[in-house]
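Single-structure report; data block below.
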Amino acid sequence: MGTLYLKYRPKQFEEILGQDHVKLLLSNAVKSGKVSHSYLFSGPRGTGKTSVARILAKSVNCDHPVDGYDPCNSCDSCVEIDTGRTLDVIEMDAASNRGIDEIRSIRDRVFYMPSKLKYKVYIIDEVHMLTREAFNALLKTLEEPPEKTIFILATTEIQKVPETIISRCQVLEFRRISPNIIRSKLEDVCKAEKIEYEIVALDHISKEAAGGMRDALSMLEGIARFSNEKVTLADTFSVLGDGPIETVESYITSILDGNVDALIHVVDSIKNQGTDVMNFLRSVVEYSSDRIKDDGLISIGKFAGDLIQILRYEEKQFDLFKVMSAFETLKYKKISSENVQPLTDQVRQVEKVDQEIKTDVERLIRFYAQKDLSVYVSLSEADLKDLGDRILVISYTLLQNEILKEKDKMITEDFKSVTSRDVRFVFAYSKVPIDSMNDKLREPIIKVLSLFGGKILPEGGE
Ligand SMILES: Nc1ncnc2c1ncn2[C@@H]1O[C@H](COP(=O)(O)OP(=O)(O)O)[C@@H](O)[C@H]1O
Ligand SMILES: [Mg+2]
Ligand SMILES: [Zn+2]
Numbered sequence: 019m020g021t022l023y024l025k026y027r028p029k030q031f032e033e034i035l036g037q038d039h040v041k042l043l044l045s046n047a048v049k050s051g052k053v054s055h056s057y058l059f060s061g062p063r064g065t066g067k068t069s070v071a072r073i074l075a076k077s078v079n080c081d082h083p084v085d086g087y088d089p090c091n092s093c094d095s096c097v098e099i100d101t102g103r104t105l106d107v108i109e110m111d112a113a114s115n116r117g118i119d120e121i122r123s124i125r126d127r128v129f130y131m132p133s134k135l136k137y138k139v140y141i142i143d144e145v146h147m148l149t150r151e152a153f154n155a156l157l158k159t160l161e162e163p164p165e166k167t168i169f170i171l172a173t174t175e176i177q178k179v180p181e182t183i184i185s186r187c188q189v190l191e192f193r194r195i196s197p198n199i200i201r202s203k204l205e206d207v208c209k210a211e212k213i214e215y216e217i218v219a220l221d222h223i224s225k226e227a228a229g230g231m232r233d234a235l236s237m238l239e240g241i242a243r244f245s246n247e248k249v250t251l252a253d254t255f256s257v258l259g260d261g262p263i264e265t266v267e268s269y270i271t272s273i274l275d276g277n278v279d280a281l282i283h284v285v286d287s288i289k290n291q292g293t294d295v296m297n298f299l300r301s302v303v304e305y306s307s308d309r310i311k312d313d314g315l316i317s318i319g320k321f322a323g324d325l326i327q328i329l330r331y332e333e334k335q336f337d338l339f340k341v342m343s344a345f346e347t348l349k350y351k352k353i354s355s356e357n358v359q360p361l362t363d364q365v366r367q368v369e370k371v372d373q374e375i376k377t378d379v380e381r382l383i384r385f386y387a388q389k390d391l392s393v394y395v396s397l398s399e400a401d402l403k404d405l406g407d408r409i410l411v412i413s414y415t416l417l418q419n420e421i422l423k424e425k426d427k428m429i430t431e432d433f434k435s436v437t438s439r440d441v442r443f444v445f446a447y448s449k450v451p452i453d454s455m456n457d458k459l460r461e462p463i464i465k466v467l468s469l470f471g472g473k474i475l476p477e478g479g480e
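So the sequence shown is residues 19 to 480, counted in my numbering.
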């Protein structure tokens, strides 16, 4: 089946649904050769911003645009853009590259003419996440727009974009897509994928999606995987659950009860429903702020609020959401059973393993299970290489790398008190599992990292 929402990414304006005003404006601009230097696409997630940005990039560069504006998707330019082989269309996700360096490098490169295509196009997604410095650098670029260059900024939170940036851009608002349009798209996809369905099931999904086509397609995918023959209304209900409020309630209840099994069950159903983790957490905050007098709910609300901050910059959002929620649940389990059994089952399990623990780094990780859960989680998920006089810690998420780097001193001291060894800690981040690299590559990388720390990213990005 493939990931449906990627498989069905629109490749032409023609296929963009529910954004007629956007299509009209952009197609006229392309036809008349009056494309702006900078656009700002604003609107809810999954409504077509990234898709339209890519289509526009092809549109202005296409050798034989259909009807004078729609990319043909077969000329060299279209193909190069689609396969990501051109240097002239550059996509940047501000959610993971928030910094000044990336924007500076755009500024430095921006004055070179397109290397091959007619126009250079920069697409900056989630632009509201840029740091203030980066915004300033971007503003300078937008103030002196280089020739033959188009900026397309996209955001789900336009209120966080500085007015100075907004005023330099032509703003296009993407709207929520109507349930009718979504339902008929879902029907088309089911037919193309040979998925059988009850129309009432698709009806229900299109309402639940709240105007987002991506969410609708993710939900359909979840339900289709769950039901082996036919997407029925019954299946839809069991996968999507009782509805958002009930899911929020069961999430909170399982944490307060310290019930890890129930928690995992809720978390998995959130995933199956295709619900966005950040939106879910916002509902948790909302729910608890409505019931602020309830002690337990205040702390859950705060937990959810903190988690939103943490997850914003996180690539493995869902995994971390699951782990952090499970740990929060464990805390309550500990409190509720403090007198009867001093340690939770989970921690006791770790204790048992402890008796067989051999290495110093394992001892350190164990130590943090009791002392600092964020360090514990981060260390458990990292690769630790004991190199004698130093310990190299390779994290696979930026957040965990940051958490550990910040606590460098504490970790070094704790290691000394746990193992009586005085060593230096070096922290590094890698996008690829270090042990999956071949030997020729791994050895030198470990050597370099253990000297300097830092980040390694695979060639060519993702
Ligand atoms: N207006 C739309 N018409 C058709 N499909 C859409 C539309 N908006 C989103 N989609 C579907 O959702 C997926 C993600 O859309 P995307 O353009 O990345 O949304 P955004 O950037 O607004 O979050 C697309 O690949 C496509 O399958
Ligand atoms: Mg997008
Ligand atoms: Zn073309």
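Every residue gets a Cβ at the ideal spot worked out from N, C-alpha and C, and that includes glycine.
Quantities reported herein were computed from a predicted structural model and do not represent experimental measurements.
Every unbroken stretch of the beta strand (DSSP E) spanning 3 or more residues and falling wholly within the stretch 82-166 is given here in chain order: 107-111 and 138-143.
In the displayed model, Leu338 falls within a helix according to three-state DSSP.
Given a length threshold of 3 residues, each whole run of the beta strand (DSSP E) inside the stretch 156-226 is given here in chain order: 167-173 and 188-191. For Ile273, the secondary structure class from DSSP, reduced to helix, strand or coil, is helix. Separation of the CB atoms of Phe345 and Leu190 is rounded to 42 Å, and the pair is thereby denied contact status at 8 Å. In the three-state reduction of the DSSP assignment, Tyr57 falls in the strand class. Ranked by how close their Cα comes to the Cα of Gly51, the residues Val40, Tyr87 and Tyr57 have Tyr87 in first place.
Assignment of beta strand (DSSP E) within the stretch 385-444, counting only whole runs of 3 or more residues, yields 401-404 and 408-413 in chain order. Residues Cys90 and Cys93 of the same chain have their beta carbon placed closer than 8 Å to that of His82, with the five preceding and five following residues left out of the count.
Apart from the 5 residues on each side of it in sequence, Asp294 sits with its Cβ closer than 8 Å to the Cβ of Arg63 and Asp233 in its chain, given in chain order.
Annotation: Ile263 to Leu235 spans about 22 Å, alpha carbon to alpha carbon. Taking all protein chains in view, the Cβ of Tyr130 is surrounded by fewer than 16 other Cβ atoms within 10 Å, so the residue is classified as exposed. Looking from the CA of Lys29, the closest CA among Leu74, Ser45, Ser54 and Leu42 belongs to Leu74. In the DSSP assignment, Ile282 falls within the alpha helix (DSSP H) that extends over Val278 to Asn290.
In this structure, Glu33 has its beta carbon less than 8 Å from a heavy atom of ligand 1. Exclusion of the five residues before and after Met342 leaves Leu325 as the residues of its chain whose Cβ lies within less than 7 Å of its Cβ. Under the three-state reduction of DSSP, Gly472 is assigned to strand.
Residue environment: Pro451 is assigned as exposed (fewer than 16 neighbouring CB atoms within 10 Å of its CB, all protein chains considered). Taking Ala242 as the centre and dropping the five residues before and after it, the same chain places the C-beta of Ile213 and Val249 closer than 6 Å to its C-beta, in chain order.
With a cutoff of 8 Å, Asp85 does not count as near ligand 3, since its C-beta is closer than that to no heavy atom of the ligand. Your pair Lys67 and Phe192 checks out as a contact, with CB atoms roughly 6 Å apart and the cut at 8 Å. Contact annotation, Val278 with Lys203: C-beta distance approximately 39 Å; criterion of less than 8 Å not satisfied. DSSP, read as helix, strand or coil, puts Ser256 in helix. Rounded to whole angstroms, the Cβ separation of Val139 and Val107 is 5 Å, and the two are in contact under 8 Å. Between Ile412 and Leu405, the C-beta spacing is not below 9 Å. Just so you know, the alpha carbons of Leu171 and Lys434 end up roughly 49 Å apart. Put simply, the backbone Cα of Ile318 is about 35 Å away from that of Asp378. With a cutoff of 8 Å, Phe445 does not count as near ligand 1, since its C-beta is closer than that to no heavy atom of the ligand.
Shortest gap from the CB of Lys178 to any heavy atom of ligand 2: 8 Å or more. DSSP places Asp38 inside the alpha helix (DSSP H), whose first and last residues are Asp38 to Lys49.
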